[in-house]
Each structure stands twice: as structure tokens, then as C-alpha cells.
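Notes follow once the structure below has been shown.
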Amino acid sequence: MILELGNPVRRAVYGAPRLPTGLIPRGRLLGRLDIRTPLTVVRGPGGSGKTVLIAQWTEDIAVDGVWVSVGKDTCTRQALWAAVSKKIGDAGLACPGSDLDDLISSVDAVTDIRSLLLRAFGRLRAQLLVVLDDFHHVTNEEVVDDLVELLVACPRLTVVVGARTATALEGPVVGARVDRRVIGPDGLAFTVDETARVFSKLGVIGRIDVGSVHHASGGSPLLLRAFALHREPEAAGAHETAESPGVAHDVLLDLLRGTSQSRRGFLLRTCIPEEFDLSLARQLSGCHDAESHLEALEASGFLMRSEDVTGPLYRYHPIIRETVVSKVQGYLGDELTDIRLATAQWYLRRGAPKMAIRHAVAAQDVKLASDILLANAITLLRQRGLYEILVHVPTHVLPRYPFITLALAIGAYADRTKRVRAVEYFTMAITSAKLVGARAPRAERAALATVESVGLRLTGRPSQGAAAARRAIRLLDAGDQGQLAPLGEQVGSLRIQNALTLLRAGHLAEAQQALTENLADLAALPATPALTTVSADAAMNALLGDMPMARDSMALVDEGHWPAAARDDYPGALFHLARAIEALETFDFDGAQRHVRVLAPHMETLEYRPIFVAIQALGDFGNQRAALGLQRLHRYSSTETGRQQLSSNDRRTFDAVTALLHLSEGRAGVAERLLGSLPAKSPLVACLRGLLALLTGEHDKVLGVLARGESAGTGPRVAAVSHLLVAASSWRAGRVETAVAALEKMAALAIDCGLRAHLALVPRADLVGLRDLAEERGLAFVTESLGDVEEVPDVLPSRATSVTLTERERVVLRALVESNSTSDIAARLVVSPNTVKTQLRSLYRKLNVRGRDDAIAVAYHLGLLDEDRSVPRGSAEQTASSMEED
3 MILELGNPVR RAVYGAPRLP TGLIPRGRLL GRLDIRTPLT VVRGPGGSGK TVLIAQWTED
63 IAVDGVWVSV GKDTCTRQAL WAAVSKKIGD AGLACPGSDL DDLISSVDAV TDIRSLLLRA
123 FGRLRAQLLV VLDDFHHVTN EEVVDDLVEL LVACPRLTVV VGARTATALE GPVVGARVDR
183 RVIGPDGLAF TVDETARVFS KLGVIGRIDV GSVHHASGGS PLLLRAFALH REPEAAGAHE
243 TAESPGVAHD VLLDLLRGTS QSRRGFLLRT CIPEEFDLSL ARQLSGCHDA ESHLEALEAS
303 GFLMRSEDVT GPLYRYHPII RETVVSKVQG YLGDELTDIR LATAQWYLRR GAPKMAIRHA
363 VAAQDVKLAS DILLANAITL LRQRGLYEIL VHVPTHVLPR YPFITLALAI GAYADRTKRV
423 RAVEYFTMAI TSAKLVGARA PRAERAALAT VESVGLRLTG RPSQGAAAAR RAIRLLDAGD
483 QGQLAPLGEQ VGSLRIQNAL TLLRAGHLAE AQQALTENLA DLAALPATPA LTTVSADAAM
543 NALLGDMPMA RDSMALVDEG HWPAAARDDY PGALFHLARA IEALETFDFD GAQRHVRVLA
603 PHMETLEYRP IFVAIQALGD FGNQRAALGL QRLHRYSSTE TGRQQLSSND RRTFDAVTAL
663 LHLSEGRAGV AERLLGSLPA KSPLVACLRG LLALLTGEHD KVLGVLARGE SAGTGPRVAA
723 VSHLLVAASS WRAGRVETAV AALEKMAALA IDCGLRAHLA LVPRADLVGL RDLAEERGLA
783 FVTESLGDVE EVPDVLPSRA TSVTLTERER VVLRALVESN STSDIAARLV VSPNTVKTQL
843 RSLYRKLNVR GRDDAIAVAY HLGLLDEDRS VPRGSAEQTA SSMEED
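Here it is as C-alpha cells:
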């Protein structure tokens with residue numbers, strides 16, 4: 003739906019602060035603000051009047067808009083755009099179902115923000131003004147890039163920025179791309195005439211030297227007002243110079259001394275929260291006349307008032323709040339803790355748990371912070387900035403608070419420079435969860451078991467986390483659900499996290515079972531957990547080989563009402579995994595790669611990355627680019643990120659895919675060595691060993707090898723491969739009846755489960771022979787399942803030679819590459835020349851060559867030179883001893 007803005011009759015900038023009384027008109031500056039200018043930057047120090055100027059201008063324009071004041075909790079890229087979208091939603095400027103409505107609901111859940119912004123703002127039908135005040139808090143350069151791209155692509159968008167210091171928006175690059183106007187500190191400063199009007203309004207024009215005060219203040223509106231209101235005429239001389247760095251603080255502290263005792267106490271107690279309403283002001287100050295204090299402070303320019311859906315909100319000017327907060331400990335003492343705790347509870351009631359945690363931590367109430375995190379963990383862990391708050395919790399108390407420690411771990415894990423610290427936090431969280439969980443109530447035990455499960459999974463140990471995941475799921479699903487009330491709406495999200503641990507550990511059937519309750523009550527789940535649930539179900543069905551069920555879940559994602567952009571981020575990552583597997587099933591290997599590339603912006607921290615890398619390598623296998631697939635696997639597994647993310651199950655998968663790629667190149671010996679290190683009872687490993695036996699002509703071994711890998715939990719995909727290999731090996735060995743029986747089993751699974759990719763796992767000649775056999779026997783449904791075998795990629799050789807070298811032969815081969823001299827090789831390996839000659843004869847015989855050059859060429863072709871690239875230092879004597887014993 004195309005975005006339509008608001009009511010065509012009403013024009014207002016939602017969230018704009020109310021103008022103070024006694025305002026001095028500044029027509030010379032208002033004339034420089036123009037709605038037709040895409041970008042206007044108003045820059046000046048705190049109290050320079052930039053906010054008042056912009057607010058005054060917005061009252062005179064006939065354009066809808068929103069006003070966002072940037073603070074510590076809205077200065078990150080994600081948080082800023084979330085605040086903008088929330089203001090748009092609160093203002094009623096987005097039609098239901100529009101792209102802007104999509105932005106409002108999904109900006110917190112995605113990291114590819116720019117595409118979402120461009121789609122939302124690019125379809126504006128009416129002019130929209132966005133005011134970003136206090137933009138100096140923003141340090142992420144991507145926000146500047148976002149604004150530039152939006153202003154270039156969206157002609158109906160106007161942005162006005164207020165900032166204390168220069169930002170990249172004033173740089174030459176931005177100026178070259180966007181029509182921009184800048185009003186700097188010099189422009190904001192009052193002229194002498196405007197200064198005179200200020201003092202005239204205040205009734206002190208006859209008692210003060212306007213020229214001297216203007217010179218001393220530098221024309222700063224805030225300092226001029228402070229001078230006028232709180233200095234005796236004789237004290238406001240020209241010797242007061244605004245060029246002194248501490249003059250603003252001196253004036254403000256002087257202001258505190260000049261106010262009444264009750265107002266000074268009111269200001270001290272209400273400056274702790276970043277914003278507050280009348281009820282909180284009364285609670286913190288204990289004043290029954292809080293309204294009169296607020297009106298007086300607003301009139302004197304020390305705080306701004308803006309309208310919220312619940313009523314007026316008040317916010318002190320940053321320069322005032324910072325000055326007062328820096329001194330407040332000395333005035334309030336222990337009372338400050340109570341004020342911070344009351345502020346935390348106020349933010350909690352307003353649905354702002356992150357701000358509540360900020361003040362709980364500042365009050366050193368770590369238990370309150372932990373309780374807030376327990377009740378809001380899933381929401382908070384998706385937000386930026388939580389790590390920066392929790393890092394102030396003393397390290398020595400962290401072992402008692404596993405939820406806080408896990409949040410720190412996840413926050414550190416998102417920063418590449420803090421990965422080592424993240425592992426330390428994860429380890430501490432796991433240990434803490436075990437200790438605390440034994441005596442906790444049921445809801446907390448479930449959450450603590452999830453902490454243990456997630457911590458082990460994200461540190462590459464999902465197999466160890468499986469027990470904790472099972473324990474958590476039992477606690478979440480059993481008995482009285484009322485006992486889980488402290489977890490609120492997080493129960494479904496906790497199920498997902500434990501299901502993911504089981505998935506990453508290779509227990510697909512258990513992982514599916516863990517999501518049963520979520521799938522049964524999908525409509526009751528919040529949008530993000532619902533999307534993740536359906537995506538995970540699709541991926542697990544696709545991995546097992548039940549493609550009809552996978553497609554049903556993928557259809558739910560496509561047709562669902564959750565934000566479309568979230569599908570291309572972490573919540574929808576497993577949806578793209580399912581789509582990639584679906585593409586492999588139809589031999590659309592490039593399509594599989596495209597679904598992987600959709601997630602490229604998030605791959606660095608995506609925990610499923612090893613699975614996607616394996617999918618890419620399988621796509622390379624299908625495209626007959628084995629070398630690229632091998633390089634892809636090697637590169638990832640040798641990086642620091644890969645070493646941290648790869649679990650033991652991932653490494654087995656990588657080894658299995660690597661063995662398959664080597665088989666496609668005819669390197670049976672390398673594949674045999676890799677498979678020899680993997681569990682023989684694994685159904686996947688058994689299939690690959692069966693394929694190895696087929697390609698090396700050991701047909702009689704195939705059935706026995708495959709039988710060892712059979713289990714009750716074998717999925718349709720692996721079973722179809724197994725039946726196909728039995729059929730192919732039996733056909734080669736002349737056991738026609740066995741081949742027919744296996745073909746029928748394979749065909750039944752393939753048709754029922756929508757499988758076809760398994761056909762690429764036997765040579766083309768075998769497929770043709772099996773098709774002819776099916777046609778001879780009149781097995782129409784088998785012929786149907788095989789389809790046009792010419793469409794199946796012919797990626798495997800009909801025969802492969804298995805050359806397996808002993809440890810000593812590999813050492814001699816490596817030495818042979820470096821030297822042609824038997825004496826040199828003997829000296830290097832500290833053995834006799836006769837021993838080297840014996841090993842060379844054995845090596846040449848296995849390689850079927852007569853000399854050094856041919857041996858090296860054949861070894862290179864078979865991939866034998868890629869193994870054991872060097873003899874470890876200090877081990878020459880050990881190697882020599884083993885060679886002499888041969």
C-alpha cells in the first residue's frame with residue numbers, strides 16, 4: 003500500500019517542544035529555514051537557542067512532521083531509526099499496511115536498515131518533515147549515509163538537524179550530493195539589538211550594561227538569560243567573558259545558589275531521569291507544587307516540554323542536566339540511590355526496560371537489573387546499547403547474575419574486537435546458571451537452563467548444550483503454565499533458543515519436537531518469535547528431506563503478516579536456508595547461492611554461518627567447481643571466526659562435504675582418509691563410505707557399510723541416498739533383484755518427500771542403467787522419480803582410484819618434493835638411505851609410476867600433496883624411528 007500522510011487538513015510536527023513564554027522573535031534566522039531545502043543543519047553549543055529556533059519555525063509551516071530528540075539511548079543507528087519510526091506511528095502518519103507502517107514494526111528486528119528506509123520514505127505522497135535534535139550524540143557514520151541516501155532518493159522528505167558540534171552532515175561530501183543549508187553558532191548568537199530586547203522583556207534593561215553583558219556572554223541565549231535573571235546589575239560587568247571554558251558552569255551553579263531552597267531541591271532531584279512526567283516529578287521531589295516549579299523552569303528556559311500520548315513530558319537542557327548531575331552526589335548523598343530506583347521503576351512502567359536497567363545499575367541494584375532482564379530478555383538482547391549499560395556492573399558480582407552475564411556475552415560477541423571477552427562472559431554465565439538454577443523457582447530454572455544452552459551453543463559447543471536445552475524444554479512445556487508467568491511472552495522465544503541448540507547439535511527430530519507448542523499456537527506469538535519458529539521448522543524439514551512440509555512452512559513465511567524485511571535478517575535466516583536447500587533439490591545451484599548472499603550483511607555474527615558455508619560448497623559441487631568449494635570450506639574453517647563458530651558437529655559436516663568434493667575429483671584416497679576419522683554409525687558418513695566403495699569398485703562392501711549407518715532417526719534424504727547407492731552397487735554387481743527392491747524404496751521416498759538432489763550422488767552411467775532397468779521391469783513410478791536423467795548434474799566419475807599412503811610414505815613424498823637426492827632425504831629424516839629407498843619403492847608402486855617427477859604429478863592430481871604439508875619441528879627422530887621399524 004502506498005503511504006499517505008495523516009489528515010490532509012491537519013498540519014503539525016508531532017513531538018515538537020512547546021515554546022517558552024517571552025520568546026524573542028528572530029525573523030533573520032526564521033527566514034533561513036525553508037521546507038524546500040532538503041537538509042538544514044542548525045549547530046550551536048548547549049543553550050544557544052537552536053531547539054527553540056527550530057520549534058518556532060515548525061509552528062509556522064503547513065507540513066506534517068515528527069520531532070526526535072537524540073539521546074544516549076537513541077544515538078545508535080538502530081535506536082535512532084526506531085525512535086523516528088515510533089514517533090511516526092504515534093503521530094498517526096502511517097496508514098496500516100503501508101511501507102512506513104512496515105518500517106515501524108520491523109526496524110528493531112533488522113540490520114539492513116537502509117533498504118527498509120528507502121522503501122518506506124521513497125513512496126511518500128506528501129511532504130514530510132523530520133527534525134533530529136541533539137544529533138551530536140550520533141557517532142555512527144552509517145546514519146549520515148542513511149540520511150544522504152534518503153534525501154537523494156526521496157524528494158518529499160525534508161530533514162532539519164540540531165547539533166552542538168560539527169558533524170559529517172556539514173562536510174563537503176554531503177554538500178556535493180544534497181542541497182544543504184547550515185546555520186552555525188555565529189548565526190545563532192544574539193546580536194546586540196536582540197540582547198537588548200531580551201533584557202527589555204525581562205524588565206531589567208535599565209539596570210544592566212547591555213553591551214558589556216553581550217560581549218561577556220558571546221550572545222549565548224542561555225547565558226544571557228542567566229545573567230539577566232540571576233546577577234545583580236553591578237555583577238554583570240564586561241569582565242565576565244563567555245570565552246572562559248567554565249563560564250557556563252559557573253553561571254549555572256550560581257543559578258542554583260540564587261534559587262529558592264525548594265526550587266533548588268526540585269531541580270536537583272528531577273535532573274536524574276533523562277525525561278519525566280508530572281507524576282515522577284512529584285515522586286522524586288516530594289513537592290505538592292511541582293507544576294509551579296515546572297512552569298517556572300520552563301519559562302526561564304531550563305527545561306523543554308513536549309507532548310506525549312500519555313501527557314506532557316519534561317526534559318532539561320543537556321548543559322543544565324550535565325552540570326547538575328555532575329554535582330548531585332555531594333548534595334543528595336544516599337538519597338540519590340532512592341531517586342535512581344524510583345526512576346528505574348517509572349521507566350519500567352512506561353515499557354522502557356533498557357532505561358530502567360540503566361538507572362538500576364547506576365543505583366547498584368544489580369538484582370533489580372537482573373529481574374528486569376529476566377522479564378524482558380528477548381526484547382532487550384535484540385537492542386543495541388545494552389552492553390554499554392551492563393558493563394558497569396562490578397565484575398565480582400557477575401557470578402551471581404547469569405542473565406546479566408549472558409547479556410554481556412552476547413553484546414561482546416557482536417563486536418569483533420571483544421570476542422575473547424565474550425567467551426569469558428559465556429563461560430561465566432554457563433557456570434553461574436548451573437549454580438543458581440538448582441534453588442530457583444520453575445520459571446527461573448527454565449530461563450537459567452536456556453542461558454546454559456545458549457552459552458554453550460554460541461561458544462561452539464552445542465552438543466554439550468543439548469542436555470541443558472532438553473531440561474529447559476521440559477520445564478517450559480510441563481505442568482502448570484501459570485508458574486511461567488514471570489517469563490511473560492518470552493516462553494515461545496525460549497523454546498526457539500533451545501530448539502536451535504538441538505538443531506546445531508545435529509538432533510533435528512528433537513529440535514522439531516521442541517517447537518511443537520509454538521507451531522500449535524503460532525498466532526499467539528509475537529511477530530519475531532513466530533517468524534523464527536516457522537523459519538526453523540522449514541529449515542529442519544528441508545534438512546531432513548521432507549520437502550512438502552518444508553514448503554508449507556516457507557509458504558507461511560511468504561504469506562505471513564510479519565515485516566517482510568525481517569525475513570532477510572536473523573529471524574528469517576533459517577527461511578533462506580530452507581529456500582537454498584529447495585534450490586539444491588531442483589539443481590538450481592546459483593539460486594541456492596543467491597539465498598545465501600541475501601544474508602551477507604549479517605554473516606559475520608550469524609551463528610548458522612557454518613551451515614550456509616556447507617550449502618555454498620554443495621552448490622559448487624553441483625556446478626562442478628570442486629576446487630572453489632574446497633577453498634571456501636578451508637578459508638572459513640581456518641579463520642578466527644570459523645574456529646570460534648564451528649562446533650564438532652559442524653566440523654564433521656565440513657569433513658563430509660570435503661570428502662564428497664574430493665570424490666568428485668576422483669581423489670578417493672583423500673576422501674577415504676577423511677571419512678576414516680568420522681563416526682562409522684553416522685547415516686551421512688555411511689552413505690559417503692558407500693559412495694566411496696561404489697566408485698572404487700568394491701560393490702560387495704556397499705550394503706554392509708550402509709547397514710551400519712541405519713538408525714530409526716534417519717531422515718528421508720539420507721535414506722533416499724542410501725537406497726540409491728544400494729541400487730547402483732547391486733546393478734553393477736549383477737544383483738538385479740536387489741537393485742529393483744532398492745529402486746522401489748528410493749522412488750517411494752523421493753515421490754512422497756519431493757526429493758531429487760540425491761540423484762546427483764551417483765555417476766550418470768549408473769542412473770542411465772537404473773532407468774533402463776526400471777523401464778524393463780515396468781516400474782512406472784520409479785521411472786517417474788528418476789525423471790530425465792540428462793538433467794541431473796554429472797559430477798561424479800564412474801571410477802576412482804583409492805591411493806592411501808601410510809604416515810611414513812607421506813613424509814617421504816613431502817621430502818621428495820623438496821629434493822631428488824636419496825642421501826639428502828635420508829639426512830633430513832635422520833634415517834639410512836636404504837630405508838628411504840624402500841619407502842620410495844612402496845610409494846612408486848602405489849602411485850603406479852617409475853620416477854620422482856611422475857610421482858609428484860600424480861600425487862598433486864590426487865590431492866596427496868595437500869595433506870600433512872610439513873614434518874613438525876623436533877619430530878624428525880620420532881619419524882625416523884618409525885621408518886626404521888618398518
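Read in order, the letters of the sequence shown are residues 3 to 888 in the numbering used here. The beta-carbon is built from N, C-alpha and C at its ideal position, and this holds for glycine as well. Remember, it's a predicted structure, so these values are computed and weren't measured experimentally.
6 Å CB neighbourhood of residue i in its chain, flanking five on each side removed
| i | result |
| --- | --- |
| G621 | F591, A594, Q595 |
| A747 | Ala is not the amino acid found at residue 747; the sequence shown has Lys there. So the list reads H725, once near-sequence residues are dropped. |
| L524 | A532 |
Identity of the residues DSSP links to residue i by a beta bridge
| i | result |
| --- | --- |
| F278 | Y316 |
| V132 | V68, V161 |
| I185 | V44 |
| V15 | G67 |
| L305 | Y318 |
| D310 | G313 |
| T803 | R669 |
| R20 | R307 |
Own chain partners of residue i with C-beta closer than 7 Å, once the 5 adjacent residues on each side are dropped
| i | result |
| --- | --- |
| R634 | V615, Q618, A619, D622 |
| E512 | L504 |
| M556 | A540, F577, A580, R581 |
| I90 | V68, A96, L102, I106 |
| L338 | V330, Q331 |
Buried/exposed call for residue i, threshold 16 Cβ in 10 Å
| i | result |
| --- | --- |
| A782 | exposed |
| E300 | buried |
| K683 | exposed |
| G248 | Any reading at G248 is ruled out, since the residue's pLDDT is 48, under 50, leaving its predicted position unreliable. |
| P765 | buried |
| H863 | exposed |
| P443 | exposed |
| A829 | exposed |
| I475 | buried |
| A526 | exposed |
| K369 | exposed |
| P681 | exposed |
| L496 | buried |
| P685 | buried |
| D855 | exposed |
| H509 | buried |
| D2 | The requested residue 2 is not part of the displayed model; the chain covers only 3 to 888. |
| A250 | Reliability of the predicted coordinates at A250 is poor, the pLDDT of 47 falling under 50, and the value obtained from them is presented with this limitation in mind. Buried is the call here. |
| G853 | exposed |
| S287 | buried |
| H361 | buried |
Residue-level contact to chain C via CB, residue i, 8 Å cutoff
| i | result |
| --- | --- |
| M542 | Here chain C cannot be found, since the structure has a single protein chain. |
Own chain residues within Cβ distance below 8 Å of residue i, not counting five before or after
| i | result |
| --- | --- |
| F589 | G624, R758, A759, A762, E793, V794, P795 |
| V327 | C273, I274 |
Whole beta strand (DSSP E) elements within the stretch 375-461, 3-residue minimum: none
Could you give the uninterrupted runs of the alpha helix (DSSP H) lying entirely in the stretch 620-688, keeping only those of 4 residues or more? 628-640, 642-647, 650-666, 670-678
Can you list the alpha helix (DSSP H) stretches of 4 or more residues lying completely in the stretch 28-95, in chain order? 29-32, 52-60, 79-92
Contact between the stretch 26-44 and the stretch 270-278: three or more CB pairs below 8 Å? no
Residue ranges of each alpha helix (DSSP H) run of no fewer than 4 residues wholly in the stretch 549-629, ordered along the chain? 549-561, 575-587, 591-599, 611-624
Sufficient close CB pairs (3 or more, under 8 Å) joining the stretch 717-734 to the stretch 544-553: yes
3-residue-minimum beta strand (DSSP E) runs that sit fully inside the stretch 724-759, ordered along the chain: none
Counting Cβ pairs closer than 8 Å, one from the stretch 606-615 and one from the stretch 769-781, do we hit at least three? no
Given 8 Å, three or more beta-carbon pairs between the stretch 833-847 and the stretch 796-805: no
Could you give the uninterrupted runs of the beta strand (DSSP E) lying entirely in the stretch 473-559, keeping only those of 3 residues or more? none
Residue ranges of each alpha helix (DSSP H) within the stretch 821-871, 4 or longer: 824-831, 835-849, 854-863
Tell me whether the stretch 700-711 and the stretch 841-849 touch, counting them as touching only if at least three CB pairs, one residue from each stretch, are closer than 8 Å. no
Are there three or more Cβ pairs, one per stretch, closer than 8 Å when the stretch 177-184 is compared with the stretch 51-63? no
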